[in-house]
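Residue numbers (this note's numbering): 630 to 850.
Idealized CB from N, CA, C, for every residue including glycine.
In this text the structure is predicted, and so the values were computed from the model without any measurement.
First the structure, in the form of structure tokens, and then the observations on it.
Following this line, the structure appears as structure tokens:
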């Protein structure tokens, strides 16, 4: 199955590369959101606090991830999905989608972190913990949004349905990621964040396992 997953990931990368406007639009969204934040919240005068910096960063990354992952199943018409149904297993499809969206979300998160550091300054004292938290957050966002995107693609008003379904699941991931990144910004001992990291990892595992188990039933419909 892993050969199948690798082929499907290459397919996703090829399609994304052909439609550069989609990726460029998401990158432009990140940069524009950070720049608007710089102009509007007093960052230009150096008035932005650390909690505000942290909250704004994760809000921007969250909405960037939603825009990036929302097209996972929505952009593929029924004929293409029927073709995938005949040549690939549903487990391979959902795993490849989650892995690809994790890579895309991680790139957006790191890019957003770099842009934030350049424009708004970088108050983070524990860089390693912050980056680890970014990766775990990217996994959680992509797993949740990928599964919800698959469910929403079966409905007519998929964008609204995706927002409604993903909100209750993403909130625990977002709150846990904000708390861990706050500890990294303050430079606290990593042992303080160990239980939160384990909790975030457990949430990611539960969401990924649920998607792996339930997606075949959704795919058959």
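- The three-state secondary structure of residue 750, taken from DSSP, is coil.
- Here residue 715 is exposed, its C-beta having fewer than 16 other C-beta atoms within 10 Å.
- By alpha-carbon distance to residue 738, the top candidate from 793, 720, 806 and 777 is 806.
- In the three-state reduction of the DSSP assignment, residue 630 falls in the coil class, being assigned neither a helical nor a strand state.
- In the DSSP assignment, residue 778 falls within the unbroken alpha helix (DSSP H) covering 756-781.
- Residue environment analysis places residue 678 among the exposed positions, since fewer than 16 neighbouring C-beta atoms fall within 10 angstroms of its C-beta.
- In terms of Cα proximity to residue 836, the closest of 713, 801, 644 and 659 is 801.
- Residue environment: residue 639 is assigned as exposed (fewer than 16 neighbouring CB atoms within 10 Å of its CB, all protein chains considered).
- Secondary structure of residue 677 (DSSP, three-state): coil.
- Put simply, the backbone Cα of residue 645 is about 13 Å away from that of residue 734.
- Note that the C-beta distance between residue 752 and residue 665 is not below 9 Å.
- Boundaries of the alpha helix (DSSP H) harbouring residue 829: 819-849, taken from the DSSP string.
- Beyond the five residues adjoining it in sequence on each side, residue 829 comes within less than 8 Å, by CB distance, of 762, 765, 766, 769, 802, 805, 806 and 809 in the same chain, given in chain order.
- In this structure residue 691 touches residue 799 by the C-beta definition: roughly 7 Å separates them, less than 8 Å.
- Taking all protein chains in view, the Cβ of residue 742 is crowded by 16 or more other Cβ atoms within 10 Å, so the residue is classified as buried.
- Going by beta carbons, residue 730 and residue 775 fall inside the 9 Å limit.
- Here residue 772 is actually not in contact with residue 722; their C-beta atoms are around 14 Å apart, not less than 8 Å.
- Straight across, the Cα-Cα distance linking residue 657 with residue 831 is about 33 Å.
- Counting the other Cβ atoms within 10 Å of the Cβ of residue 642 gives fewer than 16, which makes it exposed.
- When rounded, the separation of the alpha-carbon atoms in residue 816 and residue 661 is 29 Å.
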